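Peer 1: Here it is: the structure, laid out below.
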Amino acid sequence: MNMTRCHHSNNGTPSNAQLLVGISIVEEFCSRIMPPKKKKGKSNINKPKTKNKKANEGGSELEEKYRRSALDVTVLRDHLALRGDVAQQAQSISHDLRSRMRDMEQELHHERLDRKDVNADLTRQHKTMQTDMTVKVKRLGGEAILLREQLAQCQEELRAERKAHEQLQQEKDTTIADLQNKLDDMETNYEKILHENDSQWDSQLALFFLYGALLGSRQK
């Protein structure tokens, strides 16, 4: 008798329906080889003993085959039940693994998105800092140029003030020298006048004393 093979699922593990089909096929096979039940009633007394002996031997052989087949069916049933439990556990484990894999993929996807957001934020901050630095450098460059111009202007004004101060000092020195010369001339002229006046006073006094002496001699 040709027995139909159970087809396996895609993952190599038979489903519960396939296991039940296999068990039903085995039970059908056992029912076919099972010996017929003996009918109660009249016994075949008139049949020859040879036929009864052959029938008994045939019945014993069928009973042995049935017993072995029943045992095989029981073993097969247990085996199929075990395989069903293993398949169910494998499916549960596979489901858990797939669920964990999906969770890990989602977590990885979120991490990638977070990393992408962080990279975008860092890039934006870098561009902002670079722009601010460029603006600051330009502003400081403009301030440096303005300060240089102011410094040059201050130095020019300082040189002009020094020159004006030196010129004013020179003019003051010249004025003081002129005044000193004039003062010296005035002192010289004053001394000359005093000397001339002293000479005149001496002459006048001499004449006065002489006139007095003459008057005194006349009175005598």
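Those letters in the sequence shown? Residues 1 to 220, by the UniProt record's numbering.
Idealized CB from N, CA, C, for every residue including glycine.
No experiment lies behind these values; they were computed from the predicted model shown.
Buried or exposed for Ser69, going by 16 or more other Cβ atoms inside 10 Å?
Peer 2: buried
Peer 1: Pull up the distance between the alpha-carbon of Arg67 and that of Leu82, whole angstroms please.
Peer 2: 22 Å
Peer 1: Here's a check: name, in chain order, each residue in its chain whose Cβ is nearer than 8 Å to the Cβ of Thr188, leaving out the five neighbours to either side.
Peer 2: none
Peer 1: Just how far apart, CA to CA, sit Trp201 and Thr175?
Peer 2: 38 Å
Peer 1: What does the alpha-carbon distance come out to for the pair Val86 and His79?
Peer 2: 10 Å
Peer 1: Can you grab the Cα-Cα spacing for the pair Leu122 / Leu146, in whole Å?
Peer 2: The alpha-carbon atoms of Leu122 and Leu146 are separated by roughly 35 Å.
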